[in-house]
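*Asks:* Below you will find the structure I want to go over with you.
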Amino acid sequence: SSSDGVTVFPENPTDYDALAAKIQAAVDELTATGINKIIVLAHMQQLTIERDELAPRLRDVDIIVAGGSHTLLSDATDHLRLGDTSGGLYPILKTNGDGNAIAIVNTDATYKYVGRLVVDFDANGILIPSSIDPNISGAYATDDQGVEAVGGTPDPEVVEITNTLDEVISTQDSNIFGNTKVFLRGDRAFVRTEETNLGNLTADANLVYAKTVDATTVFSFKNGGGIRSNIGVISAANGGIDPNDFELLPPAANPAVGKEEGEVSQLDITNSLRFNNGLTLFTVTADQLLETIEDAVAATAPGVTPGQFPQIGRLKFSFDATRPANDRVLSLVVLDDQDQVIDVVAQNGELVGDPSRTFRGVTISYVADGAPFSSFLSANPALFNRIDFWGEPDSNGDGVLDAEEDLNKNGVRDAALPEAFEGFANFASFGSEQDALAEYLHQFFPTAANAFNQADTDPTLDERIQNLAFREDTVIPE
């Protein structure tokens, strides 16, 4: 598709001075008209950017509504949903570029909470921190307890809308593709920082799917940021009310639609993989594969959840996040379908063997479009050999192959790949990550008798992605 001249600014995503200057210009336009109370809506993905980088740089800004990090800010009076923990005080109070108070607010995603901030300002439009009452301001949970606490009468129009949505949801939840005995971990705090069982499952699904059209494909790579939610239930244990007293359970039964506990439905799949990217085949050299993994863990640090963090299939690696970015991977191997090492790519932080030897992989189109894959494609399009399951559609219908549409830079508009097998699922397009997971579940884990049963593990036990802050390196067999 064409960007119509839209570009990213600043080019360096960590040039916070340039970012703040761009925002400040818009703020200055408002203050020039006499406005003295200004709220900035941000979506920086990491709360540390709004809190530590923008807040102290911006002048005449009173409040920043942060976004994208899903950080649950709350105060001591707030009721939290079961299984949730606070990520900091609501609001965060800092000092802006003028030396005045600035409030930063953020709540969790998917309408689990409604944030409320009630503040007073002085005659000059300066925020008064002492006016914030934690009994009024804070995060309001949207569960039954939270709704009961605020009282009120349901709005008939809202009820009509939710009833219509419920019909769609029920239809999707009745469409079953597989079964799991365990909770499938897909929430942001985990898929962007460590290996998870859902990350493994969807990466493996993509690889099996890719092999139906290209048997030479040996590994799967995707970003954790593309996984948007768990598949399963967080439930209070033994009737407890402590938010830290909970169980992680497989998907709940839905008797109204005939769904049994543990069954994985269309709704579960579409909710977790809601971006539904197309799959893309590509080839990288050994040194490029190492560069890919280095890039994937380059932003890993305490307190952040970088979307580039990987979830992988038929690869295994170890890394040390205390080392400089792009020099963190200690061991990297490629595995066969029996999880046996077939190629050692890196050992003791060094590339092993011929750097030009190649490996065929599968990823999602979003990842293929970005760094470092875009540079690999530019360097040698023929070697990279990008093939998109969905082909290269004429997005603007002008009959001309625009540069942005020529994804593999071969000068030809490539057609979508023909369906390689007669699938069971039909709710998502052939070649999509949702279709891959649905078909994989149906093929390998169709019923309770042979359900998926690999519980998620903490980093001390993770095997595919070994974080050396938590465990020793066992990637390469002795």
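Residues in the sequence shown are numbered from 440 upward in steps of one, following the working numbering.
Where a beta carbon is used, it is the ideal one built from N, C-alpha and C, also for glycine.
The structure displayed is predicted, hence computed values, not measured ones.
1) If I'm right that D874 touches A864 with Cβ under 8 Å, what's the distance once you round it to whole angstroms?
2) Between the beta-carbon of V657 and the beta-carbon of R796, is there less than 8 Å?
3) Per DSSP, what are the beta-bridge partners of P811 in this structure?
4) Any chance the stretch 773-782 sits against the stretch 660-676, with 3 or more Cβ pairs inside 8 Å?
5) Between which two residues does the beta strand (DSSP E) holding Q786 run?
6) Since K698 sits in a beta bridge, which residues does DSSP pair it with?
7) For my contact list, G705 and Q611 are in at a C-beta cut-off of 8 Å; report their separation, rounded to the angstrom.
8) Determine the closest residue to P794 out of G870, P568, E634 and E730, with distance taken between C-alpha atoms.
9) Take G852 and list the residues in its own chain whose beta-carbon comes closer than 6 Å to its own, dropping the five residues that flank it on each side.
10) Below 8 Å on the Cβ atoms is my guess for R903 versus E634; work out the distance and round it to an integer in Å.
11) Tell me the rounded alpha-carbon separation between D514 and V558.
12) Buried or exposed for I781, going by 16 or more other Cβ atoms inside 10 Å?
13) Report the CB separation of I541 from D501 in whole angstroms; it is logged as a contact under 8 Å.
14) With a cut-off of 8 Å on the beta carbons, I'd call N614 and F884 a contact; round off their distance for me.
15) For G862, which residues from the same chain have a beta carbon less than 6 Å from its beta carbon, with the 5 sequence-adjacent residues on both sides left out?
16) Determine the direct distance from the alpha carbon of V544 to that of I572, and round the result to whole angstroms.
17) Given N677, which residues of its chain have a CB within under 7 Å of its CB, disregarding the five upstream and five downstream residues?
18) Is L954 near T546, with beta carbons less than 8 Å apart?
19) Under three-state DSSP, which class holds V647?
20) In the DSSP assignment, the alpha helix (DSSP H) including N710 goes from what residue to what residue?
21) Considering only residues of the same chain and omitting the five flanking positions on each side of V652, which have a CB-CB separation below 6 Å?
22) Going by other Cβ atoms of all chains shown within 10 Å of its Cβ, with 16 needed for buried, is K755 buried or exposed?
23) To the nearest angstrom, how far is the alpha carbon of P568 from that of Y529?
24) Looking at C-beta atoms only, is the number of pairs between the stretch 461-471 and the stretch 487-507 that lie closer than 8 Å three or more?
25) Give the DSSP-derived three-state secondary structure of L846 in the structure shown.
26) Is there contact here, the stretch 711-728 with the stretch 586-599, by at least three beta-carbon pairs under 8 Å?
27) Drop a sphere of 10 angstroms on the beta-carbon of F448, count the other beta-carbons inside from all chains shown, and report buried for 16 or more, exposed for fewer.
28) Taking its Cβ as the centre, do 16 or more other Cβ atoms sit within 10 Å of F560, making it buried, or is it exposed?
29) Is it a yes or a no for the stretch 623-640 touching the stretch 730-750, going by three-plus beta-carbon pairs under 8 Å?
30) Please state the DSSP three-state secondary structure of G678.
31) Could you work out which residue in E450, L486, D499 and D456 is closest to E468 when comparing CA atoms only?
32) Enumerate in chain order the residues of its own chain whose CB-to-CB distance from D643 is below 6 Å, with the five nearest sequence positions on each side excluded.
33) DSSP three-state label for A578, please.
34) Mind the definition here: the stretch 737-746 touches the stretch 712-728 only if three or more C-beta pairs lie below 8 Å; say whether that holds.
35) Report the three-state DSSP secondary structure of D559 (helix, strand or coil).
36) Return the CA-CA distance between A654 and V784, expressed in angstroms with no decimal places.
*Replies:* Quick look at the numbers:
1) Rounded to whole angstroms, the Cβ separation of D874 and A864 is 6 Å, and the two are in contact under 8 Å.
2) no
3) DSSP output for P811 lists no bridge partner at all.
4) no
5) V780 to Q786
6) N693
7) Note that residue 705 is Gln in the sequence shown, not Gly. Yes, Q705 and Q611 are in contact; Cβ-Cβ is about 4 Å, under 8 Å.
8) When each option's Cα is compared against that of P794, the closest is E730.
9) A small correction: the amino acid at residue 852 is Arg; Gly does not occupy that position in the sequence shown. If we look at R852 and ignore the five residues flanking it on each side, its Cβ neighbours are E831 and L840.
10) 5 Å
11) 15 Å
12) Burial call: exposed.
13) 6 Å
14) Not a contact, Cβ separation roughly 16 Å.
15) E878
16) It should be noted that the sequence gives Asp, not Ile, for residue 572. Each residue's Cα considered, the two are about 14 Å apart.
17) Unreliable placement is indicated for N677, whose pLDDT of 45 sits below 50; the coordinate value is still reported in the next sentence. Excluding residues within five positions, none has a Cβ falling inside 7 Å.
18) Because the chain in this structure spans residues 440 to 917, residue 954 falls outside the shown range and cannot be described.
19) helix
20) Q705 to S711
21) L856 and A859
22) buried
23) 12 Å
24) At 8 Å Cβ cutoff, the stretches touch.
25) coil
26) no
27) exposed
28) exposed
29) yes
30) Residue confidence is low: G678 scores 44 on pLDDT, short of 50, so the model does not pin down where it sits. Its coordinate-derived value is still stated next. The answer is helix: DSSP assigns G678 an H, G or I state.
31) D499
32) G752
33) Reduced to three states, the DSSP call for A578 is strand.
34) no
35) strand
36) 21 Å
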